[in-house]
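Report on the following structure.
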Amino acid sequence: MADQIPLYPVRSAAAAANRKRAAYYSAAGLGPGAERPSRYQLEDESAHLDEMPLMMSEEGFENDESDYHTLPRARVTQRKRGLEWFVCGGWKFLCTSCCDWLVNICQRKRELKARTVWLGYPEKCEEKHPRNSIKNQKYNVFTFIPGVLYEQFKFFLNLYFLVVSCSQFVPALKIGYLYTYWAPLGFVLAVTIMREAIDEFRRFQRDKEVNSQLYSKLTVRGKVQVKSSDIQVGDLIIVEKNQRIPSDMVFLRTSEKAGSCFIRTDQLDGETDWKLKVAVSCTQRLPALGDLFSISAYVYAQKPQLDIHSFEGTFTREDCDPPIHESLSIENTLWASTIVASGTVIGVVIYTGKETRSVMNTSNPKNKVGLLDLELNQLTKALFVALVALSVVMVTLQGFVGPWYRNLFRFLLLFSYIIPISLRVNLDMGKAAYGWMIMKDESIPGTVVRTSTIPEELGRLVYLLTDKTGTLTQNEMVFKRLHLGTVSYGADTMDEIQNHLRNPYSQQMQSQASGNNTSSTLPRKAQSSAPKVRKSVSSRVHEAVKAIALCHNVTPVYEPRAGMTGEAEYTEADQDFSDGNRTYQAASPDEDESTTEIMFYMKGADVAMSSIVQYNDWLEEECGNMAREGLRTLVVAKRALTEEQYQDFESRYSQAKLSIHDRALKVAAVVESLEREMELLCLTGVEDQLQADVRPTLEMLRNAGIKIWMLTGDKLETATCIAKSSHLVSRTQDIHIFRPVTNRGEAHLELNAFRRKHDCALVISGDSLEVCLKYYEHELVELACQCPAVVCCRCSPTQKAHIVKLLQQHAGRRTCAIGDGGNDVSMIQAADCGIGIEGKEGRQASLAADFSITQFKHIGRLLMVHGRSSYKRSAALGQFVMHRGLIISTMQAVFSSVFYFASVPLYQGFLMVGYATLYTMFPVFSLVLDQDVKPEMAMLYPELYKDLTKGRSLSFKTFLVWVLISIYQGGILMYGALLLFESEFVHVVAISFTALILTELLMVALTVRTWHWLMAVAEVLSLGCYVASLAFLNEYFDVAFITTVTFVWKVSAITVVSCLPLYVLKYLKRKLSPPSYSKLTS
1 MADQIPLYPV RSAAAAANRK RAAYYSAAGL GPGAERPSRY QLEDESAHLD EMPLMMSEEG
61 FENDESDYHT LPRARVTQRK RGLEWFVCGG WKFLCTSCCD WLVNICQRKR ELKARTVWLG
121 YPEKCEEKHP RNSIKNQKYN VFTFIPGVLY EQFKFFLNLY FLVVSCSQFV PALKIGYLYT
181 YWAPLGFVLA VTIMREAIDE FRRFQRDKEV NSQLYSKLTV RGKVQVKSSD IQVGDLIIVE
241 KNQRIPSDMV FLRTSEKAGS CFIRTDQLDG ETDWKLKVAV SCTQRLPALG DLFSISAYVY
301 AQKPQLDIHS FEGTFTREDC DPPIHESLSI ENTLWASTIV ASGTVIGVVI YTGKETRSVM
361 NTSNPKNKVG LLDLELNQLT KALFVALVAL SVVMVTLQGF VGPWYRNLFR FLLLFSYIIP
421 ISLRVNLDMG KAAYGWMIMK DESIPGTVVR TSTIPEELGR LVYLLTDKTG TLTQNEMVFK
481 RLHLGTVSYG ADTMDEIQNH LRNPYSQQMQ SQASGNNTSS TLPRKAQSSA PKVRKSVSSR
541 VHEAVKAIAL CHNVTPVYEP RAGMTGEAEY TEADQDFSDG NRTYQAASPD EDESTTEIMF
601 YMKGADVAMS SIVQYNDWLE EECGNMAREG LRTLVVAKRA LTEEQYQDFE SRYSQAKLSI
661 HDRALKVAAV VESLEREMEL LCLTGVEDQL QADVRPTLEM LRNAGIKIWM LTGDKLETAT
721 CIAKSSHLVS RTQDIHIFRP VTNRGEAHLE LNAFRRKHDC ALVISGDSLE VCLKYYEHEL
781 VELACQCPAV VCCRCSPTQK AHIVKLLQQH AGRRTCAIGD GGNDVSMIQA ADCGIGIEGK
841 EGRQASLAAD FSITQFKHIG RLLMVHGRSS YKRSAALGQF VMHRGLIIST MQAVFSSVFY
901 FASVPLYQGF LMVGYATLYT MFPVFSLVLD QDVKPEMAML YPELYKDLTK GRSLSFKTFL
961 VWVLISIYQG GILMYGALLL FESEFVHVVA ISFTALILTE LLMVALTVRT WHWLMAVAEV
1021 LSLGCYVASL AFLNEYFDVA FITTVTFVWK VSAITVVSCL PLYVLKYLKR KLSPPSYSKL
1081 TS
């Protein structure tokens, strides 16, 4: 019966369903019943092209290379699949596809199905459902070690060292002691495994804590305590106030008299306002709790799905004649991970474990790798090529005598220090240090580093994509304007509204008359007017405020003392999920007891309401005016219903709610039959004030060369106004508002118009963006990237994430996303660097982000100071560690070539281990404390940040300079030692190694730009350790020779020759071409 309800609204039912989501899709440009063009649907291209006027004069549009007549998507699919494709990355694609196929076969997902759940009888379930346990662990006991090792050895650096270390088990290839290779590798792996184990154990403890929470389960014998992980589909669970809901349930009963309760959903959707939930009326009416077992009833629930804002099901009671059927919707559900905010609730479990909405919506965030790590990986590969080349040269100079391939492998092992294993350790420790410094910075209190692997990314950003509400603004709404069409009330005339309201009620109480009486005490403004007008204004204000009060979901803070009169017969609160805009489109037929007249009140966004209200000449104009002032608008309307109309609506609405197929469309169609020719009551405007110091922060970011894009779900006018008031768009800049486009031809013309503009900000709506991306993706992104600022309004969360990915693909620059609500999570996770603000909308964004801050203004210091210094320090540290490996490899090469290209190690055993750890580690690592300018200076001159985006601190050019330094110093140290030694070969080792340690310590001093007391301590400590260890290194050094003056002068002479020219060169460079920061410090 219910499934045969005809759909007969004025506008199409699909449009009706979409209208409530007006937050994301502005209706501009879409005709009646028009469908939103899907981004991926294929249309008949020729039909569009025939009607498309090609009026293009710009050469870029006529050029075949950027041909607008060919669809970019079509071009992509016609790639050649030949040998070239295979070599250039096709093999990687094939490997990935095979792995995915294998994984899919191993983990075949069970098909999700709709289910019938009997109340209190889990054993009646026909299918097996997953356990209700939460599992956030990455590994289990068996996969932990293999998993961690795979994550480590997928890096080229670590895999290379594993191969080198394993080769030492082959006697013919053995060079020195095993521990010289295995000790560093073992240390790296031990640190990594320990860190992962601690993280995994913490995850296990958190899971265990949640899974072992006790709940009361209702059985035939009464209440029993049950663990959260033991809850099954069909169980009746009692949840107390402030307790977490353990699984997805249908709400059956509550201790609240009204039969409803409130729940907090901030951990599910990021919204901090409480949601009203209504119990199934059939079970709520039962006299006692135990009666739930005396009835025979079941719930039919749809199959588990992702959407947390919809649910379709039915409740059926069989043991009465006729059987009772009740429809179930989202307001009858209690989703897992939400918290009961009022009363005690009893529900029947319908989904558990992996099938709950909260688990289905948690995606594994991508593992972010910083640009610096990728650059260092490239340099490591270059070093590997150099290593192979050097070994081949050595074997060639030998003349390929004897088993040359064995010698080649021995040379590869001898020079293996070219690629330093300590590089990964030093950088990881450096990242941890930067994270600690950020969290300890008192200027940005409350900042949390959640992803410790990418602090250097903060110093390389080119695009910042920001949310508006709660990020640039405070998300605190202040009521500023009430407009009735003929009269407008502002913040300074709110007392007049109070008078208008006070008079009818005081009059009513005095005379105990009906509500039709109007005020006899006249307001100040209307004293001189005619009686009819007086009555009109006063009653209209009263009517408007009454409508606003009724069309509202109010969060209760204490129990009401008096019962409310005029109960709402039905309330449909459909939330408008625009960019943190928590206003409700609530419709409530309200029965006035005195007149037996039924009133239907409704409020909503102007886009949705303009077509519903009766014709008027002021709504559109006033909405525009308020939006230009930065106010957020809401339209309130009413319609009087006769008893027959209401009864007809009630019966059709009940039928529609019981239907199982297309329920949302049918309900929307019935509700829409009421939403016609409504009387416009008023227009309200609220202001969302800017956060502290937003303007100077945006100005600073712009001066730093960062392009700022604002992505918001708000209206075009409001977004444009905030962009101006926050100085996102400077006063002198033009704004190009991209006209609404619906097809390819319009997009083509509009893009042409936009191309002719220069240096102007772009404002575009989500709908137009979707159309342009469908046909002209590359061209649009290219044009938008040239704009100083871009504002995208009416953006859905998925569109926000899509824009981030487009920027990464087309611009190839580093992106940062910042937001504060659940609707920003996808954007934050998609960006190279995600920053979350702990705001009014909950903590969901801050928990999903890589960095969490408390205010938008903190982003300035986070990028200009910490991002800049992290990148510069890591670049210096990485190159210095490479230099440390290159210099010793150069010495080995010189040594081997002097001694007839013998593949014999120069330094053995502890000398090699000590060189990379005890003797030089502390001074080298102390480079993480270095800074070129003071933090205040970096904040004052954000232009310093602009240099970093070019990546000049770590490039092949700077790397080559360090290679030349290493070759020079290594050559000097080795040849010097060979020239100055007299009799014993052991003296060569002593002289060259001591000079090497001193050279490294002096080079650290040369690299440092600002001294820190810990740096000096590290230098002295390392030198002390080396001098002290000389006494114990009898097998490597001649102790008698070390204590002579000859040894001291020879070491000093070699060290001076290796370092002095570099000091002179550095001094000359600073004098002749000083870096930008030195101009500021002098």
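Heads up, the sequence shown is in full-length UniProt numbering, so the first residue is 1 and it goes up one at a time.
Each residue gets a CB set at the ideal place from its N, CA and C atoms; glycine is no exception.
Closest option to Ala704, judged by alpha-carbon separation, among Leu948, Tyr919, Val385: Leu948.
Contact between the region 723-736 and the region 664-674 is absent: fewer than 3 CB-CB pairs across the two stretches fall below 8 Å. Cβ-Cβ distances below 6 Å link Glu312 to Gln302, Arg663 in the same chain, with the five nearest sequence neighbours on each side left out; the list follows chain order. For Leu464, the uninterrupted beta strand (DSSP E) run begins and ends at 461-466, by DSSP. C-alpha of Ile735 to C-alpha of Lys1066: approximately 48 Å in a straight line. Counting along the chain, the unbroken beta strand (DSSP E) around Asp734 starts and ends at 734-737.
With contact defined as three or more Cβ pairs closer than 8 Å, the region 928-936 and the region 849-860 are not in contact. Residue state for Gly860 is assigned as helix, using DSSP reduced to three classes. Cα atoms of Ser673 and Glu643: separation of roughly 15 Å, rounded to the nearest angstrom. Note that the region 247-265 touches the region 336-349; at least 3 beta-carbon pairs, one per stretch, sit closer than 8 Å. Note on the region 794-820: whole alpha helix (DSSP H) runs with a minimum of 4 residues are 797-811, in chain order. Shown here, Glu679 sits in a strand according to DSSP, grouped into three states. Inclusion of Cys261 and Ile324 in the CB contact set at 8 Å is not warranted, their separation being larger than that value. Within the same chain, Phe251, Gly259, Ser260, Glu331, Asn332 come within 8 Å of Val278 by CB-CB distance, once the 5 residues on both sides are set aside. Judged by beta-carbon spacing, Arg652 lies beyond the 8 Å limit of Phe600, meaning their Cβ atoms are not closer than that value. Between the region 496-506 and the region 685-703 there are fewer than three C-beta pairs closer than 8 Å, too few to call the two in contact. About 31 Å separates the beta carbon of Thr447 from that of Leu157, a gap too long to meet the 8 Å contact definition. DSSP places Gln225 in the strand class (E or B) of the three-state scheme. In this structure, Ser889 places its C-beta atom within 8 Å of the C-beta atom of Tyr417. Distance from the Cα of Gln844 is smallest, within the candidate group Ile818, Val607, Ile438, Gln879, for Ile818.
If you draw a straight line from the Cα of Asn136 to the Cα of Val148, it is about 16 Å long.
Beta-bridge partners of Leu1030 (DSSP): none assigned. In the structure shown, the three-state DSSP call for Ser488 is strand.
Arg731 is the residue among Ser391, Arg731, Tyr179, Asn752 whose C-alpha sits nearest the C-alpha of Pro788.
Leaving aside the five residues that flank Leu501 on each side, the residues in its chain whose CB is nearer than 8 Å to its CB run, in chain order, Val541, His542, Val545. One alpha carbon belongs to Phe1047, the other to Phe1037, and they sit about 12 Å apart. Taking 8 Å as the cut-off, the beta carbon of Met864 is found closer than this to the beta carbon of Pro942. The region 992-1012 and the region 919-929 touch, with no fewer than 3 CB-CB distances between them shorter than 8 Å. In the structure shown, Phe315 falls within a strand segment according to DSSP collapsed to helix, strand and coil. In the structure shown, the three-state DSSP call for Trp436 is helix. Counted as a single uninterrupted DSSP element, the beta strand (DSSP E) harbouring Ala297 occupies residues 297-301.
When C-alpha distances from Val1045 are compared across Ile991, Thr469, Phe956, the shortest belongs to Ile991. Taking C-beta atoms as the reference points, Cys1025 and Tyr907 fail to come closer than 8 Å. The C-beta of Pro923 has 16 or more other C-beta atoms within 10 Å across all chains shown, which makes the residue buried.
The Cβ atoms of Thr338 and Leu276 do not sit closer than 8 Å to each other. Contact annotation: Glu456 and Ser870 have beta-carbon atoms nearer than 8 Å.
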